[in-house]
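Student: For the first sequence, UniProt numbering assigns the number 1 to the initial residue and increments by one for each residue that follows.
Glycine included, C-beta positions come from ideal geometry on N, C-alpha and C.
As the structure is a computational prediction, the values presented were derived from the model and not from experiment.
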Amino acid sequence: MQRPNDVVADLLQEYADLMAITGGEAFKVRVYEMAARSVGGYAQDISGMNPAGLRRIPNVGTSIAAKIDEYLRTGAIHQLEELRGKVPAGVRRLTTIPSLGPKKAMTLYEECGIGSVEGLEAAIRAGRLHGLHGFGAKTEENLLHGIALLHKTGARVRLDVAMEVAEEIVDALSAVPGCERCAYAGSLRRMKDTIGDVDILATAADSAALMTVVQGLPAVAEVIAHGETKTSVRTDTGLQVDLRVVAPDSWGAALQYFTGSRAHNIRTREIAVHQKLKLSEYGLFDVASGDRIASVDEEEVYGRLGLPWIPPTLREDGGEIEAALHGELPILITDADIRGDLHTHTDLTDGLASLEEMVAAAADRGYAYYAITDHAPKLYMQRMADAKALAQRDQVRRLDGACGGMRLLHGTELNIGPDGEVDWPPEFLAGFDMCVASIHSHFSQPRPEMTRRLVLACENPCVNIIGHPTARLIGKREPVDADWAEVFAACARTGTALEINAFPDRLDLPADLVRLAQRAGVVFAIDTDAHAVPHLAHLRYGIGTAQRGWLTPDRVINSWPLSRLRKFLRKGRSA
DNA sequence: GCCGTTTTCGGCCCGACTGTTTTCAGTCG
């Protein structure tokens with residue numbers, strides 16, 4: 001079940017969408033969109049808040065507070081119900097078709113009674129759109145194409161999938177003569193957990209060569225649009241890639257523009273407007289004189305707006321502008337802060353590489369310490385046994401310090417059973433240097449049971465880290481339903497860290513919960529859950545998620561020196 | 001509908017590309 005904040009955020013977003021479709025004023029639509037985001041990201045639970053309290057949420061005034069209050073009291077918002085009565089849900093869904101926005105969706109509904117994606121497809125094929133104002137042959141073709149695409153790729157792609165495509169294209173374009181700089185921007189640079197499309201930015205005096213090269217890349221299946229400054233293509237996997245080419249002296253302004261979320265960019269441009277300046281991808285301009293006053297790099301652009309440089313992973317209008325204005329931006333955790341990986345596997349259970357191979361690869365990454373945490377017996381398919389664990393421990397002790405002085409910790413990944421119990425008895429667990437404990441089954445327990453289960457795991461004196469806490473698999477399995485505030489309180493109280501699992505289909509704990517957990521005083525471990533040598537490099541995605549949760553190094557136990565980490569790992573154990 | 005170091009009223013981000021309405025609306029990012 002969602003947090004009440006998320007439920008209300010969805011309702012407000014729906015209200016904004018329906019208002020846009022019914023021709024509501026654009027600035028009102030924007031306010032509802034902003035309010036939706038503010039409510040979703042608000043730290044405090046809104047259920048139980050009165051209208052006066054609700055109005056303290058940014059972008060929530062009298063009118064929206066009244067709507068939220070109505071929802072909290074009655075479970076519905078009558079104005080939203082009215083709009084729903086006017087616009088069937090299928091019409092809203094029409095706007096998810098690429099190239100079909102609110103205006104055209106409403107035209108289709110009003111003129112032809114089309115209220116679903118399937119209905120639109122049938123109408124086009126039956127020629128029922130002929131003569132409809134604004135719908136020529138090319139538009140029909142584009143809509144059919146968009147519908148096919150929606151069916152095929154509908155979902156966004158995983159962060160690592162988009163990253164691979166982006167890095168390949170950046171490499172190819174960087175090699176083109178005349179290309180001065182090239183980098184990926186957009187949600188990929190912000191490290192969102194899924195990516196809708198890839199934004200690539202390049203600088204060159206002449207854009208033509210770059211535009212030609214990107215259209216001819218082997219992975220490109222289709223050219224969607226092409227002009228002098230922008231070309232859009234789609235890869236054979238259905239991922240859209242937008243290339244923008246600007247003059248070299250616009251690099252900073254363009255990178256700033258193409259990195260921020262829409263909301264972040266609106267905020268930065270508003271700050272510019274208030275200073276009689278204008279910010280675009282070409283630079284920061286003085287409105288009166290038309291002079292360009294900043295554009296070369298992002299630091300300069302933010303600086304002239306009176307802001308420090310804001311890390312890309314924070315650029316979501318989630319409070320970073322206010323923090324920047326007050327000089328309160330966090331110093332975020334980075335890859336360089338990480339001293340070791342605390343959740344990894346070997347071929348003793350379901351890993352692909354041997355202990356020696358994993359340890360050597362970890363040492364190559366320059367780690368000071370490294371934990372081996374193979375699965376425990378209750379994940380029956382892995383066939384772990386006491387003797388195997390003990391034999392591995394001997395091996396680990398022999399290898400300890402043998403690779404570049406890297407210290408090894410012998411751990412295990414326990415299963416948190418339905419009642420919160422874990423695999424081994426306390427006396428056996430005490431032999432491990434550390435324990436991760438994770439949910440691997442019974443994902444759909446009701447919230448009270450799931451909460452109790454996680455709290456009990458935290459209270460186990462041998463459990464140091466809760467692994468992939470929500471157990472979500474992006475695009476495949478929903479997160480488990482728990483009272484996270486209660487779980488976070490238990491973590492803080494018992495000295496149990498929450499994992500930020502860096503595996504790209506997990507990214508778990510998710511960034512929004514990381515931020516809430518941090519406020520509750522929780523500490524974290526950013527781990528790869530590597531089952532093979534290449535997985536160790538997934539750490540970057542965990543770091544991205546941690547940064548999106550505003551995490552600082554002092555809250556990350558595997559950025560600590562080994563002595564401090566060992567002290568933390570002792571938890572409630574005697575010794 | 002919200003908001004305020006210019007404002008309690010009058011504003012509200014900016015530009016590229018497409019298709020079609022031959023001068024611009026719609027969509028997207």
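What runs of the beta strand (DSSP E), each 3 residues or longer, lie entirely inside the segment 260-298?
Tutor: Runs found: 277-280, 283-286, 292-294.
Student: What is the DSSP secondary structure of residue 199, reduced to helix, strand or coil?
Tutor: DSSP places residue 199 in strand when its eight states are reduced to three.
Student: Would the C-beta of residue 232 count as close to the ligand NAD, meaning under 7 Å from any of its heavy atoms?
Tutor: No copy of the ligand NAD occurs in the structure displayed, which carries no ligand at all.
Student: Enumerate in chain order the residues of its own chain whose CB-to-CB distance from residue 549 is below 7 Å, with the five nearest sequence positions on each side excluded.
Tutor: Contacts found: 511, 514, 515, 518.
Student: Report the three-state DSSP secondary structure of residue 157 (helix, strand or coil).
Tutor: Strand.
Student: Could you tell me whether the Cβ atoms of residue 258 and residue 228 are closer together than 8 Å?
Tutor: Not a contact, by the Cβ cut-off of 8 Å.
Student: Note down, in chain order, each residue of its chain lying with its Cβ closer than 8 Å to the Cβ of residue 207, except the 5 sequence neighbours on either side.
Tutor: So the list reads 228, 229, 245, once near-sequence residues are dropped.
Student: What does a CB cutoff of less than 6 Å around residue 529 pick up in its chain, not counting 5 residues either side in sequence?
Tutor: Closer than 6 Å at Cβ, skipping near neighbours: 343, 501, 503.
Student: Tell me residue 222's beta-bridge partners as DSSP assigns them.
Tutor: The partner list for residue 222 (beta bridge, DSSP) reads 234.
Student: Residues bridged to residue 340 by DSSP?
Tutor: For residue 340, which the question treats as bridged, DSSP gives the partners 369.
Student: Helix, strand or coil: how does DSSP classify residue 415 here?
Tutor: Three-state result, residue 415: strand.
Student: DSSP state of residue 375, grouped into three classes?
Tutor: Strand at residue 375.
Student: What number of angstroms, rounded off, separates the C-alpha of residue 30 from the C-alpha of residue 37?
Tutor: For residue 30 and residue 37, the distance between alpha carbons rounds to 11 Å.
Student: Where does the unbroken alpha helix (DSSP H) through residue 576 begin, and where does it stop?
Tutor: Lying outside 1 to 575, the shown extent of the chain, residue 576 is not represented and no answer is given.
Student: Since residue 329 and residue 312 are thought to touch, with beta carbons under 8 Å apart, how far apart are those beta carbons, to the nearest angstrom?
Tutor: In fact, because the Cβ distance is near 12 Å, the residues do not count as touching under 8 Å.
Student: Can you round the beta-carbon distance between residue 277 and residue 286 to whole angstroms, since I take them to be within the 8 Å contact cut?
Tutor: Indeed, because the Cβ distance is near 6 Å, the residues count as touching under 8 Å.
Student: Is residue 315 near residue 190, with beta carbons less than 8 Å apart?
Tutor: Yes, Cβ-Cβ distance for residue 315 and residue 190 is below 8 Å.
Student: Within the continuous beta strand (DSSP E) that includes residue 501, where are the two ends?
Tutor: Element bounds for residue 501: 497-501.
Student: For residue 577, which residues in the same chain have their Cβ closer than 7 Å to its Cβ, ignoring the five residues on either side in sequence?
Tutor: Outside the modelled stretch of the chain, which goes from 1 to 575, sits residue 577, for which no answer is possible.
Student: Using the beta-carbon count (16 or more within 10 Å), is residue 441 buried or exposed?
Tutor: By the neighbour-count rule (16 or more Cβ atoms within 10 Å), residue 441 is not buried but exposed.
Student: Below 8 Å on the Cβ atoms is my contact criterion, and I expect residue 152 with residue 238 to pass it. Report the Cβ-Cβ distance as a whole number of Å.
Tutor: Their Cβ separation, rounded to whole angstroms, is 6 Å, which keeps residue 152 and residue 238 in contact under 8 Å.
Student: I'd like the list of long-range same chain contacts for residue 24, defined as Cβ closer than 7 Å, with 5 residues on each side in sequence excluded.
Tutor: No residues qualify anywhere along the chain.
Student: Let me know if residue 274 comes out buried or exposed under the rule of 16 or more other beta-carbons within 10 Å of its beta-carbon.
Tutor: By the 10 Å Cβ count, residue 274 comes out exposed.
Student: Should residue 236 go down as buried or exposed, given a rule of 16 or more other Cβ atoms within 10 Å for buried?
Tutor: By the 10 Å Cβ count, residue 236 comes out exposed.
Student: Among the residues of its own chain, which have a CB less than 6 Å from the CB of residue 359, if the five just before and after it don't count?
Tutor: Contacts found: 399, 403.
Student: Thinking just about the alpha-carbon of each residue, which of 159, 214, 171 is nearest to the one in residue 194?
Tutor: With distances taken between Cα atoms, residue 194 lies closest to 159.
Student: Using 8 Å as the threshold, is the C-beta distance between residue 471 and residue 415 below it?
Tutor: Not in contact: residue 471 and residue 415 (Cβ atoms no closer than 8 Å).
Student: At the level of alpha carbons, what is the spacing between residue 126 and residue 132?
Tutor: Each residue's alpha carbon lies about 13 Å from the other.
Student: Figure out for me which residue from 460, 451, 475, 424 has the closest Cα to the Cα of residue 469.
Tutor: When only C-alpha atoms are compared, the closest one is 451.
Student: So which of 74, 268, 347, 79 has the shortest CA-CA distance to residue 63?
Tutor: Checked all of 74, 268, 347, 79; the closest Cα to residue 63 is 79.
Student: So who's on the other strand from residue 244, going by DSSP bridges?
Tutor: In the DSSP output, where bridge partners are listed per residue, residue 244 has 201, 230.
Student: Using a Cβ-Cβ cut-off of 6 Å (strictly less than) and excluding sequence neighbours within five positions of residue 225, which residues of its own chain qualify?
Tutor: Closer than 6 Å at Cβ, skipping near neighbours: 232.
Student: Pull up the distance between the alpha-carbon of residue 325 and that of residue 216, whole angstroms please.
Tutor: So the alpha carbons of these two residues sit roughly 44 Å apart.
Student: Do you know how far the Cα of residue 269 is from the Cα of residue 599?
Tutor: With the chain running from 1 to 575 in the structure shown, residue 599 is simply not present.
Student: Would you mind reading off the limits of the beta strand (DSSP E) that contains residue 438?
Tutor: Counting along the chain, the beta strand (DSSP E) containing residue 438 begins and ends at 434-438.
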